[in-house]
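Using our numbering, the first residue of the sequence shown is number 4, and each one after it goes up by one.
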Amino acid sequence: MILMAALSLSAQDYPTLANGSEAPDFTLVNTDGKQVSLKSLRGKWVVLDFWGSWCGWCIKGIPQMKENHAKLSKKVTFVGIDCRDTKEAWLAAVAKYELPWLNLWAGDEYKELCQAYKVAGFPTKLIIDPKGKVRNTTVGEDPAFYTTLNELVK
Numbered sequence: 004m005i006l007m008a009a010l011s012l013s014a015q016d017y018p019t020l021a022n023g024s025e026a027p028d029f030t031l032v033n034t035d036g037k038q039v040s041l042k043s044l045r046g047k048w049v050v051l052d053f054w055g056s057w058c059g060w061c062i063k064g065i066p067q068m069k070e071n072h073a074k075l076s077k078k079v080t081f082v083g084i085d086c087r088d089t090k091e092a093w094l095a096a097v098a099k100y101e102l103p104w105l106n107l108w109a110g111d112e113y114k115e116l117c118q119a120y121k122v123a124g125f126p127t128k129l130i131i132d133p134k135g136k137v138r139n140t141t142v143g144e145d146p147a148f149y150t151t152l153n154e155l156v157k
């Protein structure tokens with residue numbers, strides 16, 4: 004069952020990015036205040052998790068993401084991209100839920116970033132291959148995402 008929190012975007016933004024398309028680059032701040040770009044993560048598989056501390060389904064999915072992070076972190080860089088939170092709320096959530104992966108804050112740029120990635124709801128997770136190509140997009144909290152991830156990174 005796929006469950007998500009809706010985001011107000013126009014109908015044309017609901018289709019996901021095509022598999023094989025180039026993942027749009029971005030540069031966002033991490034929890035240490037340093038800038039991190041998507042391009043700097045090339046060479047490994049990347050999971051982008053668009054989420055927010057206000058999103059119940061995002062929070063419910065954290066345990067499964069932690070399990071997969073523990074199992075796959077040598078092959079996959081997990082990246083949480085917080086949207087629609089204040090910086091303080093984001094940092095508090097990262098600490099409260101003890102998120103062990105790379106955490107980035109979209110700040111005021113979240114709308115543009117969500118449009119670039121065609122995020123229609125939260126959470127939205129993408130699998131990016133080592134060359135920077137989108138290999139999967141899953142909108143909502145769906146356990147099948149991790150089945151796909153495990154198959155791709157064998």
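Ideal Cβ positions, reconstructed from N, Cα and C, are used throughout, including at glycine. None of the values given here were measured: they were computed from a predicted structure.
Rank the options by C-alpha distance to the C-alpha of residue i and give the top, closest one.
i	options	result
Leu31	Leu105, Leu102, Val39	Val39
Ser24	Asn139, Ala147, Trp57	Asn139
Gly143	Leu152, Val122, Asn153	Val122
Thr141	Asp28, Val50, Arg45, Ser43	Val50
Glu115	Trp48, Thr80, Phe53, Ala147	Phe53
Gly64	Thr127, Trp93, Asp28	Thr127
Tyr113	Pro133, Ala96, Lys90	Lys90
Thr19	Ala95, Leu152, Leu129, Thr151	Leu129
Leu152	Ile62, Tyr100, Glu70, Gly55	Glu70
Ala147	Phe81, Ser76, Ala73, Gln67	Gln67
Ala98	Asp132, Ile62, Ile131, Asn22	Ile62
Gly55	Lys134, Ala95, Lys157, Ile131	Ala95
Tyr100	Ile131, Lys37, Gly59, Asp132	Gly59
Do you know how far the Cα of residue j is from the Cα of residue i?
i	j	result
Asp145	Asp35	30 Å
Gln118	Gly124	11 Å
Tyr149	Trp57	23 Å
Val137	Trp48	10 Å
Gly46	Leu102	23 Å
Lys78	Leu41	16 Å
Ala92	Leu155	33 Å
Phe81	His72	7 Å
Trp104	Gly135	19 Å
What does DSSP give as the partner residues of residue i in its beta bridges?
i	result
Thr140	Leu129
Gln38	Val32
Asn106	Gly83
Subject >> Inter-stretch contact at 8 Å, needing at least 3 Cβ pairs: the region 108-128 / the region 78-88 >> reply: As far as the Cβ criterion goes, the region 108-128 touches the region 78-88, which means the pair count is three or higher.
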